[in-house]
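If you want this note's numbering, it's the position in the sequence shown, counting the first as 1, plus 55. Just so it is clear, CB atoms sit at the ideal spot from N, CA and C, and this is done for glycine as well.
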Amino acid sequence: MIARMLRAIFAVLSIASTVQAQQSDPPLPVSEIAPGVYVHFGAVELMTRSNEGGIANIGFIIGNDAVAAIDTGGSVREGRRLLQAIRSRTDRPVRYVINTHGHPDHVFGNAAFGSYAATFVGHKNLPQALATRGPFYLESFRRLIGDELMAEVRLIEPTVLVDNEMTLDLGGRTLTLKAWPTAHSDSDLTVLDGTTGTLFGGDLVFSGHIPIIDGSLRRWLTMLDPLAALPARQVVPGHGPIGAWPGALDDERRYLQTLSADVRTSVSRGAPLKSATETAGAAEKSRWQLFDDYNARNATAAYSEIEWE
Ligand SMILES: [Zn+2]
């Protein structure tokens with residue numbers, strides 16, 4: 056009897072403390088970069104315990120009838136804080152949660168919206184990408200951001216899949232979603248707000264933060280022209296500050312071209328992978344944040360792709 060009472064009290068207390076923790080999560084700081092378009096700028100860092108995985112740019116767009124969230128951050132806590140930021144600006148329903156691709160810093164916050172009747176939207180390849188990589192992400196990111204933050208993370212697959220192009224109506228405002236062939240990753244999706252000409256580029260667009268190749272360098276290079284042709288005025292990159300469109304692509308284009316040319320030279324000279332990764336892209340070192348964290352990995356990806364051409 057006493058044990059049962061204690062269990063009941065404990066249950067009430069633990070529910071109360073969870074609710075309190077959730078209520079005390081402050082709204083994420085966001086900037087209104089165009090009317091009704093809000094962005095939270097992630098830290099230009101790797102995911103760590105101290106930044107709580109909050110390294111990606113995430114945001115939301117408010118229409119007359121509904122809201123769309125674009126990416127949910129690197130933890131459920133960040134997703135909840137994004138939801139708080141939305142709630143502090145509008146009581147319209149969050150009808151869509153759009154994921155620009157399957158990397159942890161963009162999708163780990165999805166569960167914050169899971170009980171919210173939002174429809175999850177993504178590239179047609181995203182379910183497969185999450186199924187393939189998900190278990191690895193859930194395991195390996197414990198080491199980086201800690202068990203406590205990871206305990207809540209659930210990988211939520213999109214139920215609305217974008218094959219080529221799709222529009223979403225938020226009421227007086229239309230978003231055009233475009234699914235891209237494998238470039239930065241195999242599930243890249245861009246979101247263009249027709250009302251303000253604001254493009255959420257996901258990780259097809261990096262600014263200041265060195266680009267990360269998890270798909271195909273060659274395809275990414277061929278995708279830059281059609282990407283630049285999108286009728287946008289400004290871009291929210293997946294990482295780094297916003298910029299004018301399409302000029303914001305120039306640095307990324309130069310980096311990817313340089314890396315490709317350098318690796319190609321190494322391969323044609325028969326240089327081994329190790330020396331290629333040490334020299335490729337070296338001229339770009341001073342121009343990017345996190346260069347030492349990702350450049351060798353990018354060069355490795357480029358090398359294996361170019362080697363087999
Ligand atoms: Zn990212």
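(request) Can you say whether Phe163 is buried or exposed, counting buried as having 16 or more other CB atoms within 10 angstroms of its CB? (result) Stepping through the sequence shown from its first residue, residue 163 is reached at position 108. Buried: at least 16 other Cβ atoms inside 10 Å.
(message) Restricting to Cα atoms, I'd like to know which of Ala335, Glu364, Asp80, His95 is closest to Arg135.
(response) Translated into the one-based positions of the sequence shown, residue 135 becomes position 80. The shortest C-alpha separation from Arg135 is found at Asp80.
(message) Given this structure, state the Cα-to-Cα distance separating Asp280 from Thr127, to the nearest angstrom.
(response) Residue mapping note: residue 280 aligns to position 225 of the sequence shown, counting from 1. Residue mapping note: residue 127 aligns to position 72 of the sequence shown, counting from 1. Pairing Asp280 with Thr127, the inter-Cα distance amounts to about 28 Å.
(message) I'd like the list of long-range same chain contacts for Phe96, defined as Cβ closer than 6 Å, with 5 residues on each side in sequence excluded.
(response) On the sequence shown, residue 96 is found 41 positions in, with the first residue counted as 1. Asn112.
(message) For Glu307, count the other beta carbons within 10 Å of its own beta carbon; 16 or more makes it buried, fewer makes it exposed. Which is it?
(response) Within the sequence shown, the letter at position 252 stands for residue 307. So Glu307 counts as buried.
(message) Quick check: the Cα distance between Asn106 and Asp202, rounded to an integer number of angstroms?
(response) The residue you call residue 106 lines up with position 51 of the sequence shown. The residue you call residue 202 lines up with position 147 of the sequence shown. C-alpha separation (whole angstroms): 14 Å.
(request) Assuming Thr245 and Gln289 form a contact by the criterion Cβ under 8 Å, report the distance between their Cβ atoms to the nearest whole angstrom. (result) Walking along the sequence shown from the start, residue 245 turns up at place 190. Walking along the sequence shown from the start, residue 289 turns up at place 234. Contact between Thr245 and Gln289 is absent: CB atoms are separated by about 13 Å, not below the 8 Å threshold.
(request) Ignore the nearest five residues each way along the sequence and tell me which others in Thr453's own chain have a CB closer than 7 Å to its CB. (result) The structure shown does not extend to residue 453, since the chain spans only 56 to 364, so no value can be given for it.
(request) Could you say if the stretch 85-105 and the stretch 229-241 meet the contact criterion of at least three C-beta pairs nearer than 8 Å? (result) The stretch 85-105 vs the stretch 229-241: no contact.
(request) State the start and end residues of the unbroken beta strand (DSSP E) segment that holds Gly293. (result) Here the question's residue 293 lines up with position 238 in the sequence shown. From DSSP, the beta strand (DSSP E) with Gly293 extends over 289-294.
(request) Would you check if there are 3 or more beta carbon pairs closer than 8 Å linking the stretch 136-155 to the stretch 187-207? (result) With the cut-off at 8 Å, the stretch 136-155 and the stretch 187-207 do not touch.
(message) Can you check which of these residues, Ile267, Ser262, Gly226, Phe191, is closest to Asp248 by C-alpha distance?
(response) Position 193 of the sequence shown holds residue 248. Taking only the C-alpha atoms, the option nearest Asp248 is Gly226.
(message) Quick check: the Cα distance between Arg342 and Tyr349, rounded to an integer number of angstroms?
(response) Counted from its first residue, the sequence shown places residue 342 at position 287. Counted from its first residue, the sequence shown places residue 349 at position 294. Looking at the two C-alpha atoms, the distance is approximately 13 Å.
(request) Have a look at Pro82 and Glu194 and give me their C-alpha separation to the nearest angstrom. (result) Working through the sequence shown from its first residue, we reach residue 82 at position 27. Working through the sequence shown from its first residue, we reach residue 194 at position 139. CA-to-CA, the gap between Pro82 and Glu194 works out to about 28 Å.
(message) Considering Cα atoms alone, identify which of Asp218, Met221, Gly263, Thr277 is closest to His239.
(response) For the purposes of this step, residue 239 is taken as residue 184 along the sequence shown, with counting starting at 1. Comparing Cα-Cα distances from His239 to each of Asp218, Met221, Gly263, Thr277, the minimum goes to Thr277.
(request) Taking 8 Å as the threshold, find out whether the stretch 260-273 comes into contact with the stretch 285-299 through three or more Cβ pairs. (result) Contact between the stretch 260-273 and the stretch 285-299 is present, because at least three Cβ pairs lie under 8 Å.
(request) Using the Cα positions of Ser271 and Asn353, report the straight-line distance between them to the nearest angstrom. (result) Numbered from 1 along the sequence shown, position 216 holds the residue referred to as residue 271. Numbered from 1 along the sequence shown, position 298 holds the residue referred to as residue 353. Linking Ser271 to Asn353 through their CA atoms gives a straight-line distance of about 10 Å.
(message) Quick test of the definition: if touching needs 3 or more C-beta pairs under 8 Å, does the stretch 165-180 touch the stretch 211-220?
(response) Counting Cβ pairs under 8 Å, three or more are found: they touch.
(request) Along the alpha helix (DSSP H) that carries Ser359, what are the first and last residues, could you check? (result) The count along the sequence shown starts at 1 and reaches residue 359 at position 304. Going by DSSP, Ser359 is part of the alpha helix (DSSP H) stretching over 346-362.
(request) Please work out which residues of its chain come closer than 6 Å, Cβ to Cβ, to Ala76, disregarding the five sequence neighbours upstream and downstream, and give them in chain order. (result) Your numbering for residue 76 matches position 21 in the sequence shown. Because the pLDDT of Ala76 is 45, which lies under 50, any placement of that residue in the model is unreliable, and the number read from its coordinates should be weighed accordingly. So no residue of the chain qualifies.
(message) Tell me whether Asp160, by its Cβ, gets closer than 7 Å to a heavy atom of ligand 1.
(response) For the purposes of this step, residue 160 is identified with residue 105 of the sequence shown, where counting begins at 1. Relative to ligand 1, Asp160 has its C-beta within less than 7 Å of a heavy atom.
(request) Take Ile110 and list the residues in its own chain whose beta-carbon comes closer than 8 Å to its own, dropping the five residues that flank it on each side. (result) Start at 1 with the first residue of the sequence shown, and residue 110 comes out as number 55. Excluding residues within five positions, the ones whose Cβ falls inside 8 Å are Gly97, Ala98, Val99, Glu100, Leu101, Met102, Gly129, Asp160, His294.
(message) What does the Cβ neighbour count give for Arg198, buried or exposed, with the cut at 16 atoms within 10 Å?
(response) Here residue 198 refers to the residue found at position 143 of the sequence shown. Here Arg198 is exposed, its C-beta having fewer than 16 other C-beta atoms within 10 Å.
(request) Quick one: grab the DSSP three-state call for Asp248. (result) In the sequence shown, counting from the first residue as 1, residue 248 sits at position 193. DSSP places Asp248 in strand when its eight states are reduced to three.
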